[in-house]
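Novice: The structure's right below; bear with me while I get my questions together.
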Amino acid sequence: LSLITDIRADKIDQKRITLSWQEPAFPFINNTEYEIKYYEK
Numbered sequence: 005l006s007l008i009t010d011i012r013a014d015k016i017d018q019k020r021i022t023l024s025w026q027e028p029a030f031p032f033i034n035n036t037e038y039e040i041k042y043y044e045k
């Protein structure tokens with residue numbers, strides 16, 4: 005498991021957000037997946 009770092013919210017609208025991040029130093033070869041979870045407060 006490799007964790008991502010440097011997560012940035014590049015653009016925020018009323019219903020959308022654009023995220024970007026630095027890839028892990030050692031991502032799984034051709035099998036990299038990301039899961040983003042959203043929770044309302």
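This note's numbering puts the first residue of the sequence shown at 5, with every later residue one more than the last. Ideal placement from N, C-alpha and C gives every residue a C-beta, glycine not left out.
Using beta-carbon positions only, say whether T22 and D14 come within less than 8 Å of one another.
Specialist: For the purposes of this step, residue 22 is taken as the residue at position 18 of the sequence shown. For the purposes of this step, residue 14 is taken as the residue at position 10 of the sequence shown. Yes; because the gap between Cβ atoms is below 8 Å, this pair is in contact.
Novice: Return the residue from the list Y38, R20, K45, K19 that minimises the CA-CA distance to Q26.
Specialist: By 1-based counting over the sequence shown, the position of residue 26 is 22. When each option's Cα is compared against that of Q26, the closest is Y38.
Novice: Can you give me the C-alpha to C-alpha distance between S24 and I40, rounded to a whole angstrom?
Specialist: Against the sequence shown, residue 24 aligns to sequence position 20. Against the sequence shown, residue 40 aligns to sequence position 36. Cα to Cα, S24 sits roughly 11 Å from I40.
Novice: Could you give the distance in angstroms between the alpha-carbon of Q18 and the alpha-carbon of I8?
Specialist: For this step, residue 18 is matched to residue 14 along the sequence shown. For this step, residue 8 is matched to residue 4 along the sequence shown. About 26 Å.
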